[in-house]
DNA sequence: AAGCAGCGCGCC
DNA sequence: AAAAGGCGCGCTGCTT
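Here's what the structure looks like:
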């Protein structure tokens with residue numbers, strides 16, 4: 001049963017019950033209802049409960065999960081399933097599988113706008129002066145009230161037009177929508193974060209919190225003084241890149257930037273304190289006391305999670321830098337008393353996804369015993385694990401120089417199907433084409449500037465510079481599409497994993513409470529759980545991983561090994577293969 | 001004063 | 001002397 005949620009005005013919500021659905025019969029008492037805004041969470045809860053009594057399911061169809069679900073969560077109401085029309089629209093509009101549908105061919109409309117920022121977002125501010133672009137172009141589409149029922153019908157038609165690909169697209173949309181529910185829940189529930197532990201870390205690393213904002217903590221100030229001494233510039237502000245670069249060069253360092261990798265190659269007494277200064281400065285500016293005050297409330301770190309925020313289908317976040325939580329401060333992520341964290345990581349996900357989607361049985365076999373990189377060594381493809389990793393990542397990202405130049409061809413000989421798949425995706429991109437993930441999320445075509453560069457190079461009066469630029473842009477886009485198919489399919493696996501886990505967690509309620517997803521990071525997740533059911537959660541995490549592989553690749557799908565740790569804090573450890581590659585032979 | 005580009009670096 | 005995909009974010013210093 002679908003219930004289409006449409007806004008009436010500020011006071012009321014229209015609910016249109018639609019019997020249509022994949023596996024549900026017609027709904028009893030199909031009807032439209034209008035409920036007051038205050039009553040609607042209760043109405044949602046009653047509808048869910050009634051459906052479950054019948055052994056059925058409700059799918060809430062709404063324009064934008066982030067607009068409706070937060071207020072349900074605040075009222076203590078959770079839903080099992082939804083269909084997020086905006087996210088589905090983006091997928092269907094771009095997918096080459098539904099390119100001939102009315103939905104894909106229509107002019108951009110209200111469903112093509114970016115999501116609103118934040119809960120109860122502020123009204124759009126009237127822009128002061130229209131840009132030149134806005135003056136010349138037609139005005140942007142009127143913010144007419146989108147009609148969810150009409151959009152749902154368009155989406156159903158688009159899915160029907162996809163023929164054999166419809167099943168995969170339906171799975172993708174279901175997973176994307178489930179992800180939207182998770183995203184709202186993650187923001188609502190938050191990640192348990194101990195400010196006392198974090199403050200202790202900051203104090204140990206930086207010195208006590210300065211009394212004044214903008215004042216350097218003591219240890220940072222001491223390092224700044226060492227840098228000034230070593231460079232003999234008493235007034236140097238090490239935070240200013242231009243000033244710092246000038247001072248470095250005056251002191252005889254042969255550097256063209258102030259970046260870490262370049263400094264590390266220089267021998268000078270200023271280098272060590274400067275690198276330490278930069279490290280601590282980063283900690284202070286990105287995750288210092290101000291960050292903690294702003295983003296940690298009531299013992300929870302809360303970020304805004306943005307499903308589909310990356311073109312490949314990965315999530316983005318807004319605020320707090322949730323996807324960049326440095327390893328060094330993760331010990332502050334601690335379970336509540338009596339609770340535990342279940343921390344799970346899909347090992348070497350992207351290479352395994354590539355092996356599975358390309359049907360490269362040899363590469364699947366190399367990963368079957370656990371460590372895929374070790375498997376490459378055992379198979380005699382490369383001589384060391386480090387080389388295996390460099391070769392694999394080079395194939396995924398399109399590196400062509402350095403060690404990759406030697407290693408990738410060996411990989412291609414051993415695994416022609418896998419390497420062939422990403423090479424083919426790269427060629428499509430180099431030619432300005434569009435590629436798609438396993439479930440059918442398609443890449444956006446290159447923009448106007450890209451085509452302009454290509455035309456310039458093929459013009460009769462093209463200079464060698466034009467040609468070089470065009471080739472470079474083409475290769476750039478090829479690396480993007482090369483990676484898109486794998487990164488995007490890995491994101492689909494992760495969405496399915498999370499959706500399958502979410503369903504399992506709902507049935508694991510213990511006396512002390514319900515285990516909740518608390519964090520998600522591309523191929524890694526954290527569940528905050530009552531200690532008594534932590535082992536059940538760990539098992540559910542593994543089961544969900546197997547389900548994700550089956551959903552994407554069918555019954556014989558290769559397994560993605562999971563590192564699952566039950567712990568009190570997020571602490572040290574984690575993925576041993578985290579990027580970037582350190583290429584010191 | 002506010003917006004933006006580039007840099008640098010954190011994460012996967 | 002850089003290199004290979006996707007991001008977010010804070011900072012400086014420039015422009016408007």
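Residue numbers (full-length UniProt numbering): 1 to 585. All C-beta atoms, glycine included, are put in the ideal place defined by N, C-alpha and C. Nothing here was measured: the structure is a model prediction, and the numbers come from that model.
Among 239, 237, 475 and 258, which has the Cα closest to the Cα of residue 245? Residue mapping note: residue 245 aligns to position 245 of the first chain, counting from 1. Looking at the Cα atoms, 258 is the closest of the given residues.
Reducing DSSP to helix, strand and coil, say where residue 28 ends up. As a working mapping, residue 28 is identified with position 28 in the first chain. Annotation note: pLDDT 45 at residue 28 (below 50); position unreliable, no value reported.
When DSSP builds the beta bridges, which residues end up paired with residue 368? For this step, residue 368 is matched to residue 368 along the first chain. DSSP, once it has assigned bridges, lists no residue as partnering residue 368.
Check whether the segment 342-352 touches the segment 291-306, counting contact only when three or more Cβ pairs, one atom from each stretch, lie closer than 8 Å. no
Which residue comes first and which comes last in the alpha helix (DSSP H) that contains residue 176? Within the first chain, residue 176 is the residue found at index 176, counting from 1. First-last of the alpha helix (DSSP H) with residue 176: 166-189.
Going by the DSSP bridge assignment, what does residue 83 pair with across the sheet? Taking the first residue of the first chain as position 1, residue 83 is located at position 83. According to DSSP, residue 83 bridges with 61.
Cβ separation of residue 220 and residue 231, assumed to be a contact under 8 Å, to the nearest whole Å: As a working note, residue 220 is residue 220 in the first chain. As a working note, residue 231 is residue 231 in the first chain. With 8 Å as the limit, residue 220 and residue 231 do not qualify as a contact, their Cβ atoms being about 17 Å apart.
Please return the same chain residues whose Cβ sits closer than 8 Å to the Cβ of residue 288, not counting the five positions on each side in sequence. If you number the first chain from 1, residue 288 lands on position 288. Closer than 8 Å at Cβ, skipping near neighbours: 202 and 206.
Residue 17 versus residue 34: straight-line alpha-carbon distance, rounded: Within the first chain, residue 17 is the residue found at index 17, counting from 1. Within the first chain, residue 34 is the residue found at index 34, counting from 1. Their backbone Cα atoms lie some 11 Å apart in a straight line.
Which residue from 398, 464, 494 and 85 puts its Cα closest to that of residue 561? Looking up residue 561 in the first chain gives position 561. Measuring from the Cα of residue 561, the nearest candidate turns out to be 494.
Please classify residue 620: does DSSP put it in a helix, a strand, or coil? With the chain represented from 1 up to 585, any question about residue 620 goes unanswered, as that position is not in the structure.
Given 7 Å as the limit, tell me if residue 515 has its C-beta closer than that to any heavy atom belonging to the ligand FAD. Questions concerning the ligand FAD fall outside what the structure shown contains, since it holds no ligand whatsoever.
Just to confirm before moving on: does the CB-CB distance between residue 391 and residue 407 stay below 8 Å? Walking along the first chain from the start, residue 391 turns up at place 391. Walking along the first chain from the start, residue 407 turns up at place 407. Taking 8 Å as the Cβ cut-off, residue 391 and residue 407 qualify as a contacting pair.
May I ask which residues mark the beginning and end of the alpha helix (DSSP H) holding residue 345? For the purposes of this step, residue 345 is identified with residue 345 of the first chain, where counting begins at 1. Premise fails: residue 345 lies in the beta strand (DSSP E), 339-346, not in any alpha helix (DSSP H).
What residue from 449, 513, 371 and 441 has the CA that sits closest to residue 491's CA? Here residue 491 refers to the residue found at position 491 of the first chain. Checking every option, the nearest Cα to that of residue 491 belongs to 441.
Just checking, does the segment 449-457 make contact with the segment 393-412 on the three C-beta pairs under 8 Å criterion? no
Mind reading off the beta-carbon distance from residue 376 to residue 388? Whole number of angstroms is fine, and I expect it under 8 Å. For the purposes of this step, residue 376 is identified with residue 376 of the first chain, where counting begins at 1. For the purposes of this step, residue 388 is identified with residue 388 of the first chain, where counting begins at 1. The pair is a contact, with the Cβ atoms about 4 Å apart (cut-off 8 Å).
Own chain residues within Cβ distance below 7 Å of residue 48, not counting five before or after: Here residue 48 refers to the residue found at position 48 of the first chain. Correct list, in chain order: 58, 79 and 80.
Sequence-distant residues of the same chain with beta carbon closer than 7 Å to residue 521, five excluded per side: On the first chain, residue 521 is found 521 positions in, with the first residue counted as 1. For residue 521, where only same-chain residues beyond five positions count, the Cβ hits under 7 Å are 323.
According to the neighbour-count rule (16 or more other Cβ atoms, all chains shown, within 10 Å of its Cβ), is residue 89 buried or exposed? In the first chain, counting from the first residue as 1, residue 89 sits at position 89. Under this definition residue 89 is a buried residue.
Per DSSP, residue 7 is paired with what? Along the first chain, read from residue 1 onward, the residue named residue 7 stands at position 7. According to DSSP, residue 7 bridges with 13.
If you draw a straight line from the alpha carbon of residue 119 to that of residue 187, how long is it in whole angstroms? For this step, residue 119 is matched to residue 119 along the first chain. For this step, residue 187 is matched to residue 187 along the first chain. Here residue 119 scores only 37 on pLDDT, less than 50, and its place in the model should not be relied on; the value that follows carries that caveat. Their Cα atoms are separated by approximately 10 Å.
By DSSP, does residue 305 sit in helix, in strand, or in coil? Looking up residue 305 in the first chain gives position 305. If DSSP states are grouped into helix, strand and coil, residue 305 belongs with the strands.
Taking 6 Å as the limit between beta carbons, can you name the residues of its chain near residue 223, skipping five residues before and five after? Your numbering for residue 223 matches position 223 in the first chain. If we look at residue 223 and ignore the five residues flanking it on each side, its Cβ neighbours are 273, 276 and 277.
Who are the Cβ neighbours of residue 141 in its own chain at under 7 Å, not counting the five residues just before and after it? Counting from one through the first chain, the residue named residue 141 turns up at place 141. Since pLDDT at residue 141 reaches only 45, below the 50 mark, its modelled position is unreliable, and the value read off the structure follows with that caveat. 108, 109 and 110, listed in sequence order.
What ranges does the alpha helix (DSSP H) occupy inside the UniProt region "Disordered" (446-472), keeping only unbroken runs of at least 4 residues that lie completely in it? 448-458
Around the Cβ of residue 53, are there at least 16 other Cβ atoms within 10 angstroms (buried) or fewer (exposed)? As a position in the first chain, residue 53 is number 53, starting the count at 1. Classification of residue 53: exposed, given that the 10 Å Cβ count is below 16.
Mark residue 586 as exposed unless 16 or more other C-beta atoms lie within 10 angstroms of its C-beta, in which case mark it buried. Given a span of 1 to 585 for the chain in the structure shown, any question on residue 586 remains unanswerable.
Once you ignore the five residues that flank residue 64 on each side, which residues in its own chain have a CB closer than 6 Å to its CB? By 1-based counting over the first chain, the position of residue 64 is 64. Excluding positions up to five away in sequence, the list reads 86.
Based on the DSSP secondary-structure assignment, which residues constitute the bridge partners of residue 161? Counted from its first residue, the first chain places residue 161 at position 161. Per DSSP, none; premise fails for residue 161.
Does residue 566 come out as helix, strand or coil in the three-state DSSP assignment? Walking along the first chain from the start, residue 566 turns up at place 566. If DSSP states are grouped into helix, strand and coil, residue 566 belongs with the strands.
Mapping DSSP to helix, strand and coil, what is residue 510? Taking the first chain and counting its residues from 1, the one referred to as residue 510 is at position 510. Strand, per DSSP.
For residue 44, which residues in the same chain have their Cβ closer than 7 Å to its Cβ, ignoring the five residues on either side in sequence? Taking the first residue of the first chain as position 1, residue 44 is located at position 44. Correct list, in chain order: 72, 77 and 79.
Would residue 411 and residue 358 qualify as a contact pair, given that the criterion is a beta-carbon distance under 8 Å? The residue given as residue 411 occupies position 411 in the first chain. The residue given as residue 358 occupies position 358 in the first chain. Their beta carbons are not under 8 Å apart, which means residue 411 does not touch residue 358 by this criterion.
Is the beta carbon of residue 566 sitting closer than 8 Å to the one on residue 538? One-based indexing of the first chain puts residue 566 at position 566. One-based indexing of the first chain puts residue 538 at position 538. For residue 566 and residue 538, yes; Cβs fall inside 8 Å.
I need the DSSP call for residue 287, collapsed to helix, strand or coil. Along the first chain, one-based indexing puts residue 287 at 287. Three-state DSSP puts residue 287 in a helix.
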